[in-house]
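Chains as they are written, first to last, in full-length UniProt numbering: chain A, 1 to 121; chain B, 1 to 121.
Below is one structure; the comments refer to it alone.
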DNA sequence: CCTTGACTTCAACCATTGTTGAAGTCCTAG
DNA sequence: CTAGGACTTCAACAATGGTTGAAGTCAAGG
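Take a look at the structure:
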């Protein structure tokens, strides 16, 4: 039985397991400002309880098509210990992005169907 | 006035201008099999009249989300001097791909809205 | 023939998104 | 106290999609 002391925060490995990504990815996201951490006296990272959640949201954002830098910008809006309303704004921003992507795909579909590409010579 | 002799094919620069991409991109697509060319006695590439069109289709395909290798696979179906029916099959494949992407985006949207991400602690 | 612009190859570089490995340090259970 | 696993940094590697530059060759007009 492994006792997890939440008091001083989650380690890299714990965030990795909770969010379903590799530990290397957790460090990468930390470097790029998607998640923040404090350091122990021995220089190890300790993350807040929302870290895993932020990683999951980051992953979905990436699948929607945002770059890591863009995800960082979106998550930068979140204060530490965010309220549901804070998350709501993030949610809305991501929904808007996804809908914009869908709109772009529809545009490409129209381009394809419109004979615009001049392929029948 | 620049006389363009279509008889022995288009040069890299002509394909680049006709398709709206850089000459380096035309060579890149050639290397990766999206467009084929013959060589002059002086080792220069000469493209067929459909080259610019293939490049345009490739660009749209990339925007849809296909990799260059995937675009190459789609375009490999096209015989030289393709019929409208041949282009039709390419068109259909790309439309299907785009719709699949839209479906994926919708899935991400649902994930976002379903509280699945466990952000409200 | 000669100049000039367009072409040739090849290697190096850019950004993006991580993974992998080496060498070393920390933390915790026993 | 000590062994072990988990952590640290840093650099190198990988794939993707090209761009840029160097050094040299081709093609066409005058």
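Glycine included, C-beta positions come from ideal geometry on N, C-alpha and C.
Assumed close pair residue i, residue j - CB separation to whole angstroms, cut-off 8 Å
{"i": "residue 105 of chain A", "j": "residue 98 of chain B", "result": "5 Å"}
{"i": "residue 38 of chain A", "j": "residue 9 of chain A", "result": "7 Å"}
{"i": "residue 101 of chain B", "j": "residue 65 of chain B", "result": "5 Å"}
Residue closest to residue i, alpha-carbon to alpha-carbon, out of the options
{"i": "residue 40 of chain B", "options": "B:78, B:12 and B:88", "result": "B:12"}
{"i": "residue 84 of chain A", "options": "B:103, B:118, B:36 and B:78", "result": "B:118"}
{"i": "residue 114 of chain A", "options": "B:113, B:82 and B:88", "result": "B:88"}
{"i": "residue 116 of chain A", "options": "B:57, B:17 and B:27", "result": "B:57"}
{"i": "residue 32 of chain A", "options": "A:82, A:19, A:76 and A:103", "result": "A:76"}
{"i": "residue 19 of chain B", "options": "B:36, B:50 and B:45", "result": "B:50"}
Partners in chain B for residue i, counting only beta-carbon separations shorter than 7 Å
{"i": "residue 84 of chain A", "result": "120"}
{"i": "residue 101 of chain A", "result": "105"}
{"i": "residue 94 of chain A", "result": "112"}
Chain-ordered neighbours of residue i on chain B, where CB pairs are closer than 8 Å
{"i": "residue 26 of chain A", "result": "None at all; the shortest Cβ gap to chain B is about 16 Å."}
{"i": "residue 35 of chain A", "result": "Neighbours of residue 35 of chain A on chain B: none; closest Cβ ~13 Å, over 8 Å."}
{"i": "residue 117 of chain A", "result": "53, 56, 57 and 60"}
{"i": "residue 32 of chain A", "result": "Chain B residues near residue 32 of chain A: none, gap ~19 Å exceeds 8 Å."}
Proximity below 8 Å, CB of residue i to CB of residue j
{"i": "residue 48 of chain A", "j": "residue 80 of chain A", "result": "yes"}
{"i": "residue 52 of chain B", "j": "residue 15 of chain B", "result": "yes"}
{"i": "residue 71 of chain B", "j": "residue 109 of chain B", "result": "no"}
Under 9 Å from the C-beta of residue i: neighbouring residues of chain A
{"i": "residue 98 of chain B", "result": "105, 106, 108, 109 and 112"}
Chain A residues whose Cβ lies nearer than 7 Å to that of residue i
{"i": "residue 63 of chain B", "result": "108"}
Query raised in the report: Would you call the segment 55-64 of chain A and the segment 83-99 of chain A touching, i.e. three or more CB-CB distances under 8 Å?
Result: Contact between the segment 55-64 of chain A and the segment 83-99 of chain A is established, with three or more Cβ pairs separated by less than 8 Å.
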